[in-house]
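The numbering of the sequence shown is this note's numbering, which starts it at -4 and goes up by one. Here's the structure, in structure tokens; my notes come after.
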Amino acid sequence: MKIHFTRRQFVATASAASVALLSESFFDPASVLAATPVVRRDVGGMDASDPILLSYRKAIKAMKALPTANPLSWTYQAAIHWTTLSPLLTSWDNCEHGTDFFWSWHRMYLYWFERIIRKMCGDPCWALPYWNWAPGSELQLPAPFRDTTSELYTSNRNTNMNNGSGSLNPGAIDISSAFSQLDFLTANSIIQGPHGSVHVEVGGWMGQVQTAAQDPIFYLHHSNVDRLWDLWLAQGGGRTDPLSDATWKNRQYTFFDENGNPVKMTACDILRAAGQLNYVYEGEPPQVNEYCLRFFPPWVFEWQLLLHLPIPPVELNSVPVSIPIELGEIHQRLTQALESRTETIFLELDDVETETQPGVVWEVFLGLPAGAAGDAKSPYFIGSLSLFGSGIRSEAHHEFKPARFLFLLNRALHKALQSNQERLLVTFVPVGILINGKPSRPEAKSPLRIGKVNLQVEIRKEGVKDKTGKEN
Ligand code: C2O
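Structure, rendered in structure tokens:
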């Protein structure tokens, strides 16, 4: 068992904690090692009477009965993600979006939440289910969450999603481009797009970062996002956690255990879900075991800015909008990058912002032929654009952070260059959820502005082998 702190440090911390009530302890992986991992199951295979859902309901009820200031209360737990309440208590407003810590922070958050649910429902083996919206295609809100008499229900959602007529738009939640990435940081960035689209399309509380975690479905949505981390890694091909990134590994966060005591955690504590956190996902391939010590990264990634489009800010609303890219001088360089095995081309949108949650998702296309309707199954589709957790001015509690997006271009660019296009259109098509299987009319409640549009090339280079194997 390799852990990132020494036994002496741990003992010192533990004894200090017993003196001062409020001092924090570190996560002790030894405490979860003995047991066989619990299985986080697909909610799609559960009916409303499944003991896992009954226990979840029981726990929610008990947590809602606790006063807000109790760390085990439903409100406190949700506020750790983000809240509208003030003053802020310990660890509130902590969630990570638009950052390198998205996958890691949410894994920690769910882990402690799951332990609290276990205590509150009295089932020591309880495991958080997942909503398999991708790669499975459970596009409807799981039925037990639509029963108006259940603790799993809230009226603060899109009405159609809540009455069963609505389903997620498959194009909005496409994960293929995130999954094709070899670099963790790029995959972690791109996966936030489809993840955010689920938030926006469920709507209501889920659509806004300050209220999202009050909806019981939030945790099942993120259980799936967390499973996607495992699945991404399991594809192999050199994919690995960013173990040479000291900032990523060492940033420390505080959560609360099931006794309401603060606990500290870093990414080194959560690399192996089964080994360190004692859970696996139903049906997942063997988890990839990574360790904070002794790591030789196979390669490093560098970015090269190819083209900055000198355009005024682009405004998106309820109708499709296109912006042209003149290839001119960069045509050759693009062809070269497309032919290379180590270069990947991205469209980068930066300084993306809006006033309030627009409530729609934009599908993005490159090189869509004039007059062609956007089809997310076509080779011109490059991904979806939605805002969640960053880029929304009215939701910025502290400092405002615009959003940034990366779209993988290789496939669409290849197609466009084949047809000798010299002027490529980037097209944004707003989409709504499907209602009774048909696209609904999207109404953007607030226009979205894109400040910068760039073409970037990611270049993969062989990593320097660290023969010493010491912590880097
Ligand atoms: Cu921190 Cu999906 O939210």
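Using N, Cα and C, we set each Cβ at its ideal position, and we do this for glycine too.
Whole-number beta carbon distance between residue j and residue i, since they are thought to touch under 8 Å
| i | j | result |
| --- | --- | --- |
| residue 74 | residue 80 | 6 Å |
| residue 471 | residue 156 | Here the chain has residues from -4 to 467 only, and residue 471 is not among them. |
| residue 123 | residue 134 | Contact flag wrong, Cβ pair sits at about 21 Å. |
| residue 65 | residue 255 | 7 Å |
| residue 447 | residue 351 | Not really, about 22 Å apart at Cβ, beyond 8 Å. |
| residue 175 | residue 403 | 7 Å |
Test: residue i CB closer than 8 Å to a CB of chain C
| i | result |
| --- | --- |
| residue 250 | This model lacks chain C altogether; it includes just one protein chain. |
Check: residue i C-beta below 7 Å from any heavy atom of the ligand C2O
| i | result |
| --- | --- |
| residue 129 | no |
| residue 207 | yes |
| residue 194 | yes |
| residue 384 | yes |
| residue 392 | no |
| residue 120 | no |
| residue 90 | yes |
| residue 190 | yes |
| residue 217 | yes |
| residue 101 | yes |
| residue 76 | yes |
Distance between residue j and residue i (C-alpha atoms, nearest Å)
| i | j | result |
| --- | --- | --- |
| residue 57 | residue 150 | 20 Å |
| residue 16 | residue 421 | Annotation note: pLDDT 43 at residue 16 (below 50); position unreliable, no value reported. |
| residue 138 | residue 148 | 10 Å |
| residue 92 | residue 395 | 12 Å |
| residue 232 | residue 223 | 16 Å |
| residue 336 | residue 78 | 45 Å |
| residue 266 | residue 278 | 19 Å |
| residue 316 | residue 297 | 31 Å |
| residue 303 | residue 348 | 19 Å |
| residue 209 | residue 366 | 43 Å |
| residue 191 | residue 433 | 21 Å |
| residue 428 | residue 415 | 35 Å |
| residue 212 | residue 185 | 22 Å |
| residue 110 | residue 253 | 6 Å |
| residue 258 | residue 86 | 11 Å |
| residue 456 | residue 227 | 21 Å |
| residue 214 | residue 46 | 17 Å |
| residue 467 | residue 112 | Low per-residue confidence applies at residue 467: pLDDT is 39, beneath 50, and the placement is therefore not dependable, though the value from the model is reported in the following sentence. Approximately 36 Å, taken between the alpha carbons. |
| residue 170 | residue 189 | 6 Å |
| residue 61 | residue 72 | 11 Å |
| residue 374 | residue 216 | 28 Å |
| residue 444 | residue 342 | 16 Å |
| residue 385 | residue 203 | 10 Å |
| residue 196 | residue 130 | 17 Å |
| residue 284 | residue 114 | 28 Å |
| residue 33 | residue 103 | 16 Å |
Option nearest residue i by Cα separation, candidates the options
| i | options | result |
| --- | --- | --- |
| residue 393 | 70, 82, 124 | 82 |
| residue 406 | 367, 347, 340 | 340 |
| residue 276 | 379, 225, 153 | 225 |
| residue 51 | 125, 62, 64, 196 | 125 |
| residue 39 | 427, 257, 136, 240 | 136 |
| residue 379 | 385, 430, 356 | 356 |
| residue 120 | 262, 36, 362 | 36 |
| residue 282 | 271, 215, 70 | 271 |
| residue 54 | 63, 42, 31, 108 | 108 |
| residue 237 | 319, 294, 324 | 294 |
| residue 313 | 165, 435, 159 | 435 |
| residue 167 | 453, 424, 454, 31 | 424 |
| residue 44 | 145, 94, 334, 33 | 145 |
Worksheet item: In chain order, which alpha helix (DSSP H) runs of at least 4 residues are fully inside the region 390 to 436?
Response: As far as the region 390 to 436 is concerned, its whole alpha helix (DSSP H) runs of at least 4 residues are 405 to 413.
Fill in: Runs of alpha helix (DSSP H) wholly within the region 65 to 112 (minimum 4 residues, chain order)
Restricted to the region 65 to 112, the alpha helix (DSSP H) segments that are unbroken, complete and at least 4 residues in length are 69 to 76, listed in chain order.
Worksheet item: Could you give the uninterrupted runs of the beta strand (DSSP E) lying entirely in the region 306 to 371, keeping only those of 3 residues or more?
Response: Restricting attention to beta strand (DSSP E) runs no shorter than 3 residues, the region 306 to 371 encloses them at 309 to 311, 316 to 321, 338 to 348, 356 to 361, ordered along the chain.
Fill in: beta strand (DSSP E) runs contained entirely in the region 218 to 301, provided each spans 3 or more residues
The region 218 to 301 is shown to contain whole beta strand (DSSP E) runs of 3 or more residues at 248 to 251, 257 to 260, 274 to 276, in chain order.
Discussion item. Runs of 4 residues minimum, wholly inside the region 111 to 161: which ones carry the alpha helix (DSSP H) assignment?
Written reply: The region 111 to 161 contains these whole alpha helix (DSSP H) runs: 154 to 158.
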